[in-house]
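Structure, as structure tokens:
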Amino acid sequence: MRRSAKHNGSLALQKREVRHTCGCERVLVFWGKMHRQMGARWVLIGSTLLPFMKPQFPQLLESVRQCRLCEKSLPLGPRPVLQVDPRAKILIAGQAPGRRVHETGVPFDDPSGDRLREWMGITKETFYDPTKIAILPMGFCYPGTGKSGDLPPRPECAEAWRQQLLDCLQQLALTLVIGQYAHKWHLPKTHKNLTETVRAWQDYAPSVIPLPHPSPRNNIWLKKNPWFSESLLPTLMKSTQEALIA
Ligand code: SF4
Numbered sequence: 280m281r282r283s284a285k286h287n288g289s290l291a292l293q294k295r296e297v298r299h300t301c302g303c304e305r306v307l308v309f310w311g312k313m314h315r316q317m318g319a320r321w322v323l324i325g326s327t328l329l330p331f332m333k334p335q336f337p338q339l340l341e342s343v344r345q346c347r348l349c350e351k352s353l354p355l356g357p358r359p360v361l362q363v364d365p366r367a368k369i370l371i372a373g374q375a376p377g378r379r380v381h382e383t384g385v386p387f388d389d390p391s392g393d394r395l396r397e398w399m400g401i402t403k404e405t406f407y408d409p410t411k412i413a414i415l416p417m418g419f420c421y422p423g424t425g426k427s428g429d430l431p432p433r434p435e436c437a438e439a440w441r442q443q444l445l446d447c448l449q450q451l452a453l454t455l456v457i458g459q460y461a462h463k464w465h466l467p468k469t470h471k472n473l474t475e476t477v478r479a480w481q482d483y484a485p486s487v488i489p490l491p492h493p494s495p496r497n498n499i500w501l502k503k504n505p506w507f508s509e510s511l512l513p514t515l516m517k518s519t520q521e522a523l524i525a
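Under my numbering, the residues of the sequence shown are numbered 280 to 525, in order.
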């Protein structure tokens with residue numbers, strides 16, 4: 280069964296594709312409205328309300344990998360880059376792949392990733408083990424570049440996929456929330472800017488830690504905010520080790 284969302288929210292139109300039960304290649308396609316009622320999710324088909332069946336994790340992941348929802352807005356076309364497994368203990372909620380990551384298809388396979396691994400105190404082997412670390416940027420595909428760096432993650436992406444994938448991650452002990460777009464989505468409350476939100480990291484700890492982007496572009500920010508290396512990074516390393524053995 281495959282489905283895709285046209286809009287987010289309790290009345291999102293959902294496209295569902297159901298294979299014919301006799302095993303032939305026929306596929307039934309219909310659109311229904313999602314409803315949430317007493318914690319359950321329902322689909323309204325015509326005048327009939329049916330329980331919404333969640334796709335299994337492998338089907339969901341395959342649907343994400345095949346996604347072309349915002350392809351008209353992507354200068355290099357869709358190439359979702361994510362790492363996810365229901366057994367993951369740590370979630371890295373980032374921004375969106377840059378051009379280099381789009382080419383390799385490997386998340387954080389760049390100087391930002393080297394710095395993030397250093398901050399966490401872990402090897403590449405641990406970082407790229409999906410049973411330990413899930414990596415879900417706010418937009419899974421490279422959004423293009425503007426005058427002052429990469430464009431924001433495509434908003435369609437989080438609307439269509441984020442909550443469904445997060446629902447599959449039931450073993451998480453730690454979430455690292457990187458950059459302003461992830462801060463806005465993941466944190467119950469943000470402060471007046473990214474610096475103040477990260478400075479208030481103890482409001483979210485121990486299970487959630489807001490971070491700036493580890494990009495070399497942020498070297499000046501890191502120099503201006505020495506408290507980040509002095510007080511937040513030691514906690515980040517400790518929390519990472521504890522989450523991995525949780
Ligand atoms: S950015 Fe997200 S919504 Fe857009 S094509 Fe890629 S996976 Fe689909």
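Built from N, CA and C at the ideal position, the CB exists for glycine as well. Source: prediction; values computed, not measured.
Exercise. THR454 lies in the beta strand (DSSP E); which residues open and close that run?
Worked result: Element bounds for THR454: 453-457.
Exercise. Which runs of the beta strand (DSSP E), 3 residues or longer, sit entirely within the stretch 372-446?
Worked result: Taken in chain order, the complete beta strand (DSSP E) segments of 3 residues or longer contained in the stretch 372-446 are 412-414.
For this session: Whole angstroms is fine: what's the gap from ASP408's alpha carbon to LYS468's?
Result: Each residue's Cα considered, the two are about 31 Å apart.
Exercise. Using the C-alpha atoms, what's the distance from ILE499 back to PRO505?
Worked result: For PRO505 and ILE499, the distance between alpha carbons rounds to 11 Å.
Exercise. Using CA coordinates, which residue listed in LEU370, LEU512 and GLU521 is at the minimum distance from ILE414?
Worked result: For ILE414, the closest of LEU370, LEU512 and GLU521 by C-alpha to C-alpha distance is LEU370.
Exercise. For THR454, which residues of its own chain have a beta-carbon under 7 Å away from its beta-carbon, when the five flanking residues on both sides are left out?
Worked result: Excluding positions up to five away in sequence, the list reads LEU370, ALA372, HIS465, SER486 and VAL487.
Problem set entry | Per DSSP, cross-strand counterpart(s) of TYR369 | Before going further, note that residue 369 is Ile rather than Tyr in the sequence given. ILE369 is bridged to ILE412 and LEU453.
For this session: Keeping to the same chain, check which residues put their C-beta closer than 7 Å to that of ASN497; ignore five residues upstream and five downstream.
Result: Excluding its 5 nearest sequence neighbours in each direction, ASN497 has C-beta neighbours in its own chain below 7 Å: PRO491, listed in chain order.
Exercise. Taking the continuous alpha helix (DSSP H) assigned at LEU348, which residues delimit it?
Worked result: Neither: LEU348 is in no alpha helix (DSSP H) and is coded neither H nor E.
Exercise. Are VAL360 and GLY377 touching if we call contact CB-CB under 7 Å?
Worked result: For the pair VAL360 and GLY377, the CB atoms are not nearer than the 7 Å cut-off.
For this session: Could you have a look at ILE488 and say whether DSSP puts it in helix, strand or coil?
Result: Strand.
Exercise. Does the distance from the CB of PRO365 to the CB of CYS447 come in under 7 Å?
Worked result: Between PRO365 and CYS447, the gap from beta carbon to beta carbon is short of 7 Å.
Exercise. What are the boundary residues of the alpha helix (DSSP H) that ALA522 is part of?
Worked result: Per DSSP, ALA522 belongs to the alpha helix (DSSP H) from 512-523.
For this session: Identify whether GLN335 lies in helix, strand or coil by the three-state DSSP scheme.
Result: Note: GLN335 maps to coil in three-state DSSP.
Exercise. By how many angstroms is the C-alpha of SER342 removed from the C-alpha of PRO495?
Worked result: Looking at the two C-alpha atoms, the distance is approximately 33 Å.
Exercise. Given a threshold of 16 other Cβ atoms within 10 Å of its Cβ, counted over all protein chains shown, does ILE457 qualify as buried or as exposed?
Worked result: Burial call: buried.
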